[in-house]
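Asker:
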Amino acid sequence: MAKTLTINGQHVSAEDDQTLLEAALDAGIKIPTLCRLEGLSEVGACRLCLVEIAGSAKLQPACVTKVVEGMEVQTDTERLRKYRLMILELLFAERNHICAVCVANGHCELQTLAQQHGMSHVRFSYLYPQADVDASHDRFVIDHNRCILCTRCVRVCDEIEGAHTWDVMGRGTNSRVITDLNEPWGDSQTCTSCGKCVQVCPTGALFEKGKSVAEMAKRREFLPYLTLMRQQPR
Amino acid sequence: MVLEQLIAITEKEKKARKEICIRCCMAAGCMSSRGAEIKESIEKAVSEKGLQNRIEVRRVGCMGSCGQGPMVGIEPAGLLYQHVTPENAASIVEGLSGGSAEAELGDPKHPFFSRQKLIVCANSGRIDPERIEDSIEAGGYLTLQHVVSELQPSQVIDAVLKSGLRGRGGAGYPTGLKWGTVAKSPGTRKFVVCNGDEGDPGAFMDRSVLESDPHRVLEGMAIAGYAVGADQAFIYVRAEYPLAVSRLQTAIRQAKHHGLLGNGIFESTFNFNVELRIGAGAFVCGEETALMASIEGRRGQPHPRPPFPAESGLWGFPTLINNVETYANIVPIVKKGPDWFASLGTEKSKGTKVFSLTGKVRNNGLIEVPIGITIREIVEDLGGGAPDGAKVKAVQTGGPSGGCIPVEHFDTPVDYESLVGLGSIMGSGGMVVMDEHTNMVDVARFYMQFCMEESCGKCIPCRAGTVQMYELLTKIVERRGTRNDLEQLEELCDLVKHTSLCGLGQTAPNPVLSTLRYFRNEYLELLNKEVQESGSSGVQEQKT
Amino acid sequence: MSKPKLATVWLDGCSGCHMSALDMDERWIELASLVDLVYGPLVDTKEFPENVDIVLVEGAVSSEEDLEKIQKIRKQTKTLVSLGDCAVTSNVPSMRNRFPVPVVENRSYRETAQLNQQVPREVVPRLLPKARPVHEFVKVDVFVPGCPPSADTIYYVLTELLAGRMPDLTNLTRFGA
Amino acid sequence: MKVIKPPLPSEDKRWKIVDAKMRRLGYAGHALIETLHTVQESFGYLDKEALSFIARALRVPPSRVYGVATFYNFFSLKPQGVHTCVVCLGTACYVKGASQVLAAIELYSGIKSGETTSDKQLSLLTARCIGACAIGPAVVYDGIVAGHRTPDNAVEKLEGVIGDGA
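The listed protein sequences derive, respectively, from chains A, B, C and D. Residue numbering for the first sequence follows this note's numbering, starting at 1 and increasing by one per position. Residue numbering for the second sequence follows this note's numbering, starting at 235 and increasing by one per position. Residue numbering for the third sequence follows this note's numbering, starting at 779 and increasing by one per position. Residue numbering for the fourth sequence follows this note's numbering, starting at 956 and increasing by one per position.
This is the structure in structure tokens:
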């Protein structure tokens, strides 16, 4: 049974179990996301897709909120834009993102979102944390300076590849993605070197060896493909 | 176990009672001041004088006035000794056999005691928490027997609903509604969870209840299990509370042994098993979805709600989560009736609330008071005001999620709504008194550091926002802050409050917001006048 | 009426932003009719003048000298423009921030030096603990990210400011551009 | 499919205690935290060997085991000192001067919170709140709570505790 709702005043019809984000996308309305990637489970962590829903005091993440008949949704208010910009600024200040020398320069979701939100500079104090680079793997590198802890790598490795090589250690701002028992990636007993994590990473945190500045474009076609091929026939 | 056996235990216990009972507090507070040695020394004195037939020396839980501990009480004389030492403890026995006691006598008529209304803590400091027979004699498990043999689950839920009981973990959601939702949620299994992850610094209500009367909580959970249709429960307790953990383990073992937990309780078809889960030092696990992740053996990270645990909780099954004090209220509500309970408290908030009253206040300890009592009564009458003639400035309620209430609002009656109106929350019941020497900006920074270090790291606003707020507060406390910094701090408060994923982040700005609201001057006085007009956020370490 | 005074400053940066400014080529001739270039690496003036209208600042604030300069510049200028990623984000200069200053100095002046292996204590300004963007020290009026911002972007910024308008750079440049 | 149980890492009897805990919980993944508690209690800390063994025994990915072990404050990946001293920094203790108590102990021991002395005699830790608010500031010496601490009597007591064990 289809449901009808309004998004930014536009009438939208949606499938019964769709999320707001899916319904918006189908209607051609873009809502910014960062932790989300179609084909992986939703974690609702980046908070960029928060939207205003009439009658609800709280902002709701569009990626995990199901459509409800008659819902009135605003996705692009001044308040939301302000919050989104601040969240992006917090990310830039949290690690050491140096776009100019990054392999993903020009192909980075964080960089693109910053530009889309008119970020001319970061108002928060840069924290300049100690973050390492692990280049022990034959083909790939993890640079923690550029990691935003979206956990796409963790999810793709667990849900699609089935290896669960990645997870997150520590907590709060000291969290880090790790392989196995926080061992060098190159020593990992569980990693299949499939490279899915590298391709889903939104920034230059995970990249292929041999790629220089601005050369690391990501290839994600495998994800919708695998999702489709693994669907049970109806 | 059947009703007759319960009654038989009660009779046997009553018969074994002696003329005089010396109650020795052996909850964590008094234990840390050599409570165990005190009990030994009293027992030794009793046996030396050959008074074993007249005097019983009983280990009991918390008597409330922990700040004056170790406490020793005498029944039926109603005497209360405080600051007892192993050295002067024997003289208490002396006092009972014609001599004089050297130990310091407390005043049981003091408002600290007389103004309390004991429901949750009715057995605390009276029964031996390590003997199930003591609990049974005090009426324990009789209510469970009545419930499983006489009542329909829906009748139990109705009673809880009618009583007006609201969740004592902090948010104040009507308990009966939650029970009803879990009961109605479809699921092949259901779970009951008791949240004993009392993480608020400055709060120890749940610890005290678990240490003093664990069977009360277990019985409440079992009644809940019967009402919602759950056969398995978990009780999640902080590892920081080793005594509470060991007493619970003892209580669960005893209850199982007597058939009060397990399969076919009171010869009915009702099965109810309780497993203990020990927390491992993560404040965020007090948040219900994080707590469930922790029970499942994962990192204690919250997930977005909905789905609420009542629909999809542990392993995806409908799960009822209430906190320790909420379960401890269930037995009296069912036993004495919802109307009796609803007659206590205010229009919207019924019953009593246990608070831990600490900080710059004369009488530190645990109090249970009717909801609706004013803050002034609590702080000044029960608490006796600040020590050393200092002036009380504010009281902090609700821990890192709460706020500071200034003295000019002390006539506000304490209930869920009024505290929210003042920019704080009821929370789980921590009340920390601040006096004129307390620097409120530093207090705000203390809580922000707490939230920063306890942030799970999942969502960006809380993970990175708390760090920035902490840095800004540090700058201000160290007199390096500018007007811009203060503005940025307020913007961040707004962001983190409205965009964080879970309650920890959404409430983390509260201590800052409430101190800004009532003590803005303290912030302004700390701002660096020289650099006020200069650039934006300025820099921390350049001057060093 | 005298022309508005323009200054350019080179703090901790690679001079790439100045190079990019030079890439405005013949447009400098047009600009010369609109402004007086009163200070900068291209001008032989020792002291930063008073009453400057627009200053383009390249580079992060990295040393004690940078800090003194930028504070003076701020006092003596109407419109301060952070030009390029080093000024705006501290960019490449910030890559030394994870190491304590003595470690940085040791690496630069001893371990990698062929001759005279010693840390200079005179002439070379002392490093601040961290290289930071300009706006963390003084108020900045216009931010022009980019590494470097293109000549077109710089030209646009200058002509807009001279026309009394605030340039909108959203679609012209970004971090790392 | 028969699940192959990994062999115990060594003859050390403490592994039997760990194994018994896992067995009681059916070697289920949700037994992870309880099992880590048991290892921490038995061995004093969690080393790579232990984490690796638990991962195999409970069939939980190693990265998840490590993630859990580092999420919770209670688990330590390094051996602790012979004695432990935990200074409570809960609110009630804090407003009554716990930070001065901590500073005095740090000065006396020459280590910061979270560190262990080089002679492995003492580990200094801080706690969020141990629930002894009414008798704050509170310090826990080798598992035993002492209330009403001042910078002086806190250090004095510490001297006694270290002296006893030496």
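Glycine included, each C-beta is placed from N, C-alpha and C at the ideal position. As the structure is a prediction and not an experimental result, all values here were calculated from the model.
(1) Assess, as a yes-or-no matter, whether the stretch 937-955 of chain C is touched by the stretch 110-127 of chain A under the definition of 3 or more beta carbon pairs within less than 8 angstroms.
(2) Which residues in the same chain as I276/B place their Cβ atom closer than 8 angstroms to its Cβ, once the five residues preceding and following it in sequence are excluded?
(3) Rounded to whole angstroms, what's the CA-CA distance from N505/B to V236/B? Just pull it up for me.
(4) If contact is defined by three or more beta carbon pairs under 8 angstroms, each pair taking one atom from either stretch, is the stretch 745-761 of chain B in contact with the stretch 676-684 of chain B?
(5) Which residues in chain D sit within 9 angstroms of T165/A, going by Cβ to Cβ distance?
(6) Buried or exposed, going by whether 16 or more other CB atoms sit within 10 Å of the CB of K587/B?
(7) Could you tell me which residues DSSP pairs with M169/A in its beta bridges?
(8) Are three or more beta carbon pairs between the stretch 885-902 of chain C and the stretch 846-865 of chain C nearer than 8 angstroms?
(9) Where does K627/B sit, in a helix, a strand or coil, going by DSSP?
(10) I need the boundaries of the beta strand (DSSP E) containing E277/B, first residue and last residue.
(11) Strictly under 8 angstroms for the Cβ-Cβ distance: is C795/C near chain A by that measure?
(12) So who's on the other strand from L90/A, going by DSSP bridges?
(13) Count the CB pairs spanning the stretch 981-997 of chain D and the stretch 1008-1019 of chain D that are closer than 8 angstroms, and state whether there are at least three.
(14) Along chain G, in chain order, which residues have C-beta atoms closer than 7 angstroms to that of Y1096/D?
(15) For a contact defined as C-beta to C-beta under 9 angstroms, what are the partners of V101/A on chain C?
(16) Anything in chain B within Cβ reach of Y83/A, meaning under 9 angstroms, just list it in chain order.
(17) Hey, would you say E453/B sits closer than 8 angstroms to T553/B, going by beta carbons?
(18) Reducing DSSP to helix, strand and coil, say where Y817/C ends up.
(19) Using the C-alpha atoms, what's the distance from R123/A back to G1069/D?
(20) By the 9 angstroms beta-carbon criterion, what residues does the stretch 46-62 of chain A contribute toward chain B?
(21) Can you look up I98/A in the DSSP assignment and give me helix, strand or coil?
(22) Whose CA, out of D16/A, Q115/A, H117/A and Q10/A, lies closest to the CA of K3/A?
(23) Residues of chain A with CB closer than 8 angstroms to the CB of T1081/D, please, in chain order.
(24) Under the three-state reduction of DSSP, which class applies to P827/C: helix, strand or coil?
(25) CA-CA distance, I254/B and P310/B?
(26) Under the three-state reduction of DSSP, which class applies to P647/B: helix, strand or coil?
(27) What does DSSP give as the partner residue(s) for A1101/D in the beta ladder?
(28) Does D315/B come out as helix, strand or coil in the three-state DSSP assignment?
(29) For V382/B, which residues of its own chain have a beta-carbon under 7 angstroms away from its beta-carbon, when the five flanking residues on both sides are left out?
(30) Exposed or buried, which one is H671/B when buried takes at least 16 other CB atoms within 10 Å?
(31) Does the stretch 1014-1033 of chain D come into contact with the stretch 178-189 of chain A, if we say contact requires no fewer than three beta-carbon pairs (one atom in each stretch) closer than 8 angstroms?
(32) Tell me which residue opens and which closes the beta strand (DSSP E) that P907/C is part of.
(33) Tell me the rounded alpha-carbon separation between E724/B and E825/C.
(34) L1006/D versus chain A: which residues are under 8 angstroms apart at the beta carbon?
(35) Strictly by DSSP, which residues pair up with N557/B?
(36) Please name the residue or residues paired with A838/C in a DSSP beta bridge.
Answerer: Concretely, from the data shown:
(1) yes
(2) Counting from one through the second sequence, the residue named residue 276/B turns up at place 42. Closer than 8 angstroms at the Cβ level, and outside the excluded window around I276/B, lie I256, C258, V291, V306, A323, A324, I326 and V327.
(3) The count along the second sequence starts at 1 and reaches residue 505/B at position 271. The count along the second sequence starts at 1 and reaches residue 236/B at position 2. Roughly 15 angstroms between the two C-alpha positions.
(4) yes
(5) In the first sequence, residue 165/A corresponds to position 165, counting from 1. In chain order: P1016, P1017 and S1018.
(6) Working through the second sequence from its first residue, we reach residue 587/B at position 353. Buried is the call here.
(7) Your numbering for residue 169/A matches position 169 in the first sequence. Note: M169/A sits in a beta bridge opposite R176/A.
(8) no
(9) Taking the second sequence and counting its residues from 1, the one referred to as residue 627/B is at position 393. In this structure, K627/B counts as strand in the three-state DSSP scheme.
(10) For the purposes of this step, residue 277/B is taken as residue 43 along the second sequence, with counting starting at 1. Not the beta strand (DSSP E): E277/B falls in the alpha helix (DSSP H), residues G269 to E282.
(11) Locating residue 795/C in the third sequence gives position 17, where the first residue counts as 1. C795/C does not count as touching chain A.
(12) For this step, residue 90/A is matched to residue 90 along the first sequence. Answer is none; L90/A lacks a bridge partner.
(13) yes
(14) Included in the structure are the protein chains A, B, C and D, with no chain G among them.
(15) Residue numbering aside, residue 101/A sits at position 101 when the first sequence is read from its first letter. Chain C residues near V101/A: N869, V870, M873, C925 and G954.
(16) Numbered from its first residue, the first sequence carries residue 83/A at position 83. The contacting residues are P695, D728, L729, H732 and T733.
(17) As a working mapping, residue 453/B is identified with position 219 in the second sequence. As a working mapping, residue 553/B is identified with position 319 in the second sequence. Their beta carbons are not under 8 angstroms apart, which means E453/B does not touch T553/B by this criterion.
(18) Taking the third sequence and counting its residues from 1, one reaches residue 817/C at position 39. Strand.
(19) Taking the fourth sequence and counting its residues from 1, one reaches residue 1069/D at position 114. Taking the first sequence and counting its residues from 1, one reaches residue 123/A at position 123. If I take the Cα positions, the gap works out to 33 angstroms.
(20) C46, R47, L48, L50, K58, L59, Q60 and P61
(21) On the first sequence, position 98 is the one that residue 98/A refers to. Coil at I98/A, not helix or strand.
(22) For the purposes of this step, residue 3/A is taken as residue 3 along the first sequence, with counting starting at 1. Per the Cα distances, D16/A.
(23) As a working note, residue 1081/D is residue 126 in the fourth sequence. Neighbours of T1081/D on chain A: none; closest Cβ ~16 angstroms, over 8 angstroms.
(24) Counting from 1 along the third sequence, the entry for residue 827/C is found at position 49. Reduced to three states, the DSSP call for P827/C is coil.
(25) If you number the second sequence from 1, residue 254/B lands on position 20. If you number the second sequence from 1, residue 310/B lands on position 76. Roughly 6 angstroms separates the two Cα atoms.
(26) Mapped onto the second sequence, residue 647/B falls at position 413. P647/B falls in the strand class under three-state DSSP.
(27) On the fourth sequence, residue 1101/D is found 146 positions in, with the first residue counted as 1. In the DSSP output, where bridge partners are listed per residue, A1101/D has V1094/D.
(28) The residue labelled residue 315/B in the question sits at position 81 within the second sequence. Residue identity differs from the one stated: residue 315/B is Tyr in this sequence, not Asp. Three-state result, Y315/B: strand.
(29) If you number the second sequence from 1, residue 382/B lands on position 148. Cβ within range, chain order: Y460, I499, F500, S502 and F504.
(30) As a working note, residue 671/B is residue 437 in the second sequence. Classification of H671/B: exposed, given that the 10 Å Cβ count is below 16.
(31) yes
(32) Sequence index remark: in the third sequence, residue 907/C carries index 129 (1-based). Counting along the chain, the beta strand (DSSP E) containing P907/C begins and ends at L905 to R910.
(33) As a position in the second sequence, residue 724/B is number 490, starting the count at 1. As a position in the third sequence, residue 825/C is number 47, starting the count at 1. Approximately 40 angstroms between the Cα atoms of the pair.
(34) The residue you call residue 1006/D lines up with position 51 of the fourth sequence. Neighbours of L1006/D on chain A, chain order: L181.
(35) In the second sequence, the residue the question calls residue 557/B occupies position 323. BP columns for N557/B point to N429/B.
(36) Along the third sequence, read from residue 1 onward, the residue named residue 838/C stands at position 60. BP columns for A838/C point to D790/C.
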